[in-house]
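What follows is a single structure, written as structure tokens, with notes after it.
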Amino acid sequence: MVYRLLVGSISNYDSWANYLVNNRPPPNFRKGDSLLVDFSCTWFLEPFHLVSLACLIEEYYLQGARVSFESGGFALQKYLTNIEFYNYWEPGFDRHTFTHTMINTTLCLWKVSSGLIDSYANQAREYFERNFFFGKDLEALSITLKEVFNNIYDHSNSPVEGYVLTQYYPNKKEIVTSICDFGLGIPTKLNEMWVESKGVKLSDTQALRAAFMRKVSSKSTPRNRGMGLSYLLTNVRVLRGSLRVFSNNAFLLHDMSNELHIYKSNQCFPGTLININLKTENLPQMEEEIEDQEFYF
Amino acid sequence: MNCVHGTSTNNDGFGLFIEISKAFTAGDIVKLSLEGSTSMSSSFLNSSFGELAEKFGMDKIKNQLRLVDFKPSQAGQIKKYLEVIGDHA
Chain U
0 MVYRLLVGSI SNYDSWANYL VNNRPPPNFR KGDSLLVDFS CTWFLEPFHL VSLACLIEEY
60 YLQGARVSFE SGGFALQKYL TNIEFYNYWE PGFDRHTFTH TMINTTLCLW KVSSGLIDSY
120 ANQAREYFER NFFFGKDLEA LSITLKEVFN NIYDHSNSPV EGYVLTQYYP NKKEIVTSIC
180 DFGLGIPTKL NEMWVESKGV KLSDTQALRA AFMRKVSSKS TPRNRGMGLS YLLTNVRVLR
240 GSLRVFSNNA FLLHDMSNEL HIYKSNQCFP GTLININLKT ENLPQMEEEI EDQEFYF
Chain V
0 MNCVHGTSTN NDGFGLFIEI SKAFTAGDIV KLSLEGSTSM SSSFLNSSFG ELAEKFGMDK
60 IKNQLRLVDF KPSQAGQIKK YLEVIGDHA
């Protein structure tokens with residue numbers, strides 16, 4: 000049997016979540032069935048579309064689907080080829096190494112893998128420092144990547160792990176990173192701990208807000224101290240960027256006015272989708288190492 | 000001695016914790032070089048400096064740990080981290 004996934008450019012996050020939920024593998028899906036991903040009705044997709052679409056395709060793939068694609072417009076087809084989107088579900092493609100990009104403003108789609116967190120985050124930083132921002136410090140990019148990768152790996156319990164895509168928009172002076180997993184979602188994971196330790200369950204919006212407070216932790220790993228998401232937010236604030244997090248029935252928006260807004264969403268997102276926008280005009284100068292002094296705590 | 004291969008994960012951090020723990024237990028002064036190191040994730044900090052603070056306390060860190068070949072922002076990040084977790088240490 001062939002399942003057709005007709006992809007559209009849906010800009011509204013709720014509608015996009017609705018699309019993802021309605022197109023997950025049906026219960027009667029069988030190993031050996033085919034998935035045809037049809038881009039013929041779309042011309043433009045943003046990083047957040049592509050990483051969540053990759054998670055959706057991965058779900059079919061993990062259930063034994065043969066994946067094929069129907070191309071869209073020429074520009075989109077070229078873009079998807081250059082970020083190696085079409086290759087990920089081909090037999091023999093190495094999904095566990097850092098894949099070099101064929102388009103200079105975008106890093107390739109990458110499947111989150113614990114063993115490559117350090118190399119992906121560092122190579123992403125070095126790539127942009129070397130090609131676009133000589134003399135500038137992109138630690139904020141690498142640390143945000145590390146935080147979200149660890150968040151997926153330590154907490155999400157996602158069978159498809161996760162996908163990430165980083166795109167530089169020179170005209171807008173922005174680096175946008177989107178990361179998606181189809182795991183439990185931040186509110187659900189935090190509530191596991193909250194119910195056990197406090198005996199009450201938070202709403203998804205309350206849980207998502209709490210997850211961004213310092214020292215609030217789901218205790219997924221023994222040494223977890225509840226710092227990761229607040230670190231992520233701090234780095235976004237330093238560059239006066241923006242952050243969107245859509246997880247379960249909660250949506251968090253930190254915008255350039257430096258305010259945190261959390262809404263109840265109409266649609267439950269099946270995991271976590273994070274969109275980070277860093278303003279490159281606010282990148283600091285690269286620091287020199289101090290070699291002739293000792294630092295005492 | 001190069002005892003850390005990365006600064007991203009809990010495993011990276013725990014490797015550093017193990018090495019510094021040995022030196023602290025022996026009463027040695029530790030000079031930790033950050034030469035060429037990159038941004039430290041919260042997972043790395045939790046499993047390295049967080050564990051050190053919990054096991055040995057801040058006084059031991061103040062008395063026996065020095066940073067060398069560091070960037071000011073790195074030293075600031077570790078110091079701030081230790082301050083934030085201070086009431087848990």
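Protein chains in written order, with numbering that gives the first Met the number 0: chain U, 0 to 296; chain V, 0 to 88.
Glycine residues also receive a C-beta, built at the ideal position from the N, C-alpha and C atoms.
Straight-line Cα distance separating residue j from residue i
| i | j | result |
| --- | --- | --- |
| Ala74 of chain V | Lys197 of chain U | 36 Å |
| Ser7 of chain V | Met0 of chain U | 43 Å |
| Val159 of chain U | Glu58 of chain U | 6 Å |
| Arg124 of chain U | Leu144 of chain U | 10 Å |
| Lys61 of chain V | Lys54 of chain V | 14 Å |
| Ile17 of chain V | Ala120 of chain U | 24 Å |
| Leu81 of chain V | Asn248 of chain U | 34 Å |
| Ser14 of chain U | Leu108 of chain U | 23 Å |
| Leu35 of chain U | Val147 of chain U | 30 Å |
| Phe294 of chain U | Leu251 of chain U | 38 Å |
| Asn265 of chain U | Asn21 of chain U | 14 Å |
| Ala209 of chain U | Val199 of chain U | 14 Å |
| Thr204 of chain U | Ser46 of chain V | 29 Å |
| His87 of chain V | Pro25 of chain U | Per-residue confidence for His87 of chain V stands at a pLDDT of 49, beneath the threshold of 50, marking its modelled position as unreliable; the derived number appears in the next sentence. Taking the straight line joining both Cα atoms gives about 47 Å. |
| Gly12 of chain V | Arg29 of chain U | 43 Å |
| Ile151 of chain U | Gly161 of chain U | 7 Å |
| Leu164 of chain U | Leu272 of chain U | 12 Å |
| Leu228 of chain U | Phe43 of chain V | 14 Å |
| Val235 of chain U | Leu106 of chain U | 20 Å |
| Asn17 of chain U | Arg23 of chain U | 10 Å |
| Asn9 of chain V | Gly72 of chain U | 43 Å |
| Glu290 of chain U | Gly31 of chain U | 60 Å |
| Lys171 of chain U | Ile19 of chain V | 45 Å |
| Ser118 of chain U | Ser39 of chain U | 35 Å |
| Gln76 of chain U | Ser10 of chain U | 19 Å |
| Lys214 of chain U | Arg224 of chain U | 5 Å |
| Phe23 of chain V | Val3 of chain V | 17 Å |
| Phe296 of chain U | Ile178 of chain U | 36 Å |
Min CB distance residue i to chain B below 8 Å
| i | result |
| --- | --- |
| Lys78 of chain V | Among the protein chains of the structure shown, namely U and V, there is no chain B. |
Nearest candidate by alpha-carbon position, reference residue i, set the options
| i | options | result |
| --- | --- | --- |
| Gly270 of chain U | U:Leu52, U:Phe43 and U:Leu144 | U:Leu52 |
| Asn330 of chain U | U:Arg3, U:Leu140 and U:Leu49 | Given that chain U is displayed from residue 0 to residue 296, the structure contains no residue 330 of chain U and the question cannot be resolved. |
| Asp180 of chain U | U:Ala206, U:Asn149, U:Glu173 and U:Glu191 | U:Asn149 |
| Phe211 of chain U | U:Arg239, U:Arg243 and U:Lys77 | U:Arg243 |
| Val83 of chain V | U:Met226, U:Tyr12 and U:Ala206 | U:Met226 |
| Gly14 of chain V | V:Lys79, V:Lys70, V:Leu66 and V:Phe48 | V:Phe48 |
| Leu66 of chain V | V:Leu33, V:Gly26, V:Thr24 and V:Leu51 | V:Leu33 |
| Asn86 of chain U | U:Thr104, U:Ser67 and U:Gly71 | U:Ser67 |
| Asp153 of chain U | V:Ser41, V:Lys21 and V:Val29 | V:Ser41 |
| Leu207 of chain U | U:Asp93, U:Asp37, U:Asn234 and U:Leu259 | U:Leu259 |
| Met192 of chain U | U:Ser216, U:Phe28 and U:Val237 | U:Ser216 |
| Leu189 of chain U | U:Trp88, U:Ser8, U:Ser246 and U:Ser241 | U:Ser246 |
| Ala25 of chain V | V:Lys59, V:Ser72 and V:Cys2 | V:Lys59 |
| Ser241 of chain U | U:Asn276, U:Arg213, U:Leu231 and U:Leu272 | U:Asn276 |
| Tyr12 of chain U | U:Gly31, U:Leu5, U:Leu44 and U:Leu231 | U:Leu44 |
| Leu238 of chain U | U:Asn257, U:Phe38, U:Ser229 and U:Thr187 | U:Asn257 |
| Glu173 of chain U | U:Asn274, U:Phe296 and U:Gly7 | U:Asn274 |
| Gly5 of chain V | U:Gly184, U:Leu137 and U:Ser113 | U:Ser113 |
| Ser155 of chain U | U:Ile185, U:Thr233, U:Lys214 and U:Arg3 | U:Ile185 |
| Leu5 of chain U | U:Pro46, U:Ser70, U:Asn27 and U:Phe47 | U:Ser70 |
| Asn130 of chain U | U:Tyr230, U:Tyr167 and U:Arg94 | U:Tyr167 |
| Asp27 of chain V | V:Gln63, V:Asn1 and V:Met57 | V:Gln63 |
| Tyr232 of chain U | U:Ile142, U:Thr279 and U:Lys263 | Note on identity: in this sequence residue 232 of chain U is Leu, with Tyr being the wrong assignment. Ranking the options by Cα distance to Leu232 of chain U, first place goes to U:Ile142. |
Rounded distance between the beta-carbons of residue j and residue i, thought under 8 Å
| i | j | result |
| --- | --- | --- |
| Ile82 of chain U | Thr100 of chain U | 7 Å |
| Gly182 of chain U | Ser202 of chain U | Gly182 of chain U to Ser202 of chain U, Cβ: 19 Å. No contact. |
| Ala64 of chain U | Ser33 of chain U | 6 Å |
| Tyr78 of chain U | Ile56 of chain U | No, Tyr78 of chain U and Ile56 of chain U are not in contact; Cβ-Cβ is about 17 Å, not under 8 Å. |
| Phe84 of chain U | Leu49 of chain U | 7 Å |
| Met285 of chain U | Gly134 of chain U | 6 Å |
| Glu288 of chain U | Lys78 of chain V | Not really, about 17 Å apart at Cβ, beyond 8 Å. |
Residue i CB to nearest heavy atom of the ligand FMN below 7 Å
| i | result |
| --- | --- |
| Asp11 of chain V | Of the ligands one can find in the structure shown there are none, so the ligand FMN has no counterpart to examine. |
Residue i, buried or exposed, once every other Cβ within 10 Å from all chains shown has been counted against 16
| i | result |
| --- | --- |
| Cys267 of chain U | buried |
| Cys54 of chain U | buried |
| Thr176 of chain U | buried |
| Thr37 of chain V | buried |
| Trp42 of chain U | exposed |
| Ala52 of chain V | buried |
| Glu89 of chain U | exposed |
| His253 of chain U | buried |
| Val111 of chain U | buried |
| Thr96 of chain U | exposed |
| Pro46 of chain U | buried |
| Phe92 of chain U | exposed |
| Arg3 of chain U | exposed |
message: Along the stretch 224-236 of chain U, where does the CB come closer than 7 Å to a CB of chain V? Name the residues.
response: Along the stretch 224-236 of chain U, the positions whose C-beta sits under 7 Å from a C-beta of chain V are Arg224, Met226, Gly227 and Tyr230, read in chain order.
task: Pull out every residue of the stretch 45-77 of chain V whose Cβ sits closer than 7 Å to any Cβ of chain U, in chain order.
output: Asn45, Ser46, Gly49, Glu50, Ile60, Lys61, Leu64, Arg65, Leu66, Val67, Asp68, Phe69, Lys70, Pro71, Ser72 and Ala74
query: If you measure beta-carbon to beta-carbon, which residues of the stretch 92-117 of chain U are closer than 8 Å to chain V?
result: Ser113, Ile116 and Asp117
task: Residues of the stretch 155-166 of chain U with a CB closer than 8 Å to any CB of chain V: list them in chain order, please.
output: none
message: So if I threshold CB-CB distances at 7 Å, which residues from the stretch 234-259 of chain U count as touching chain V?
response: none
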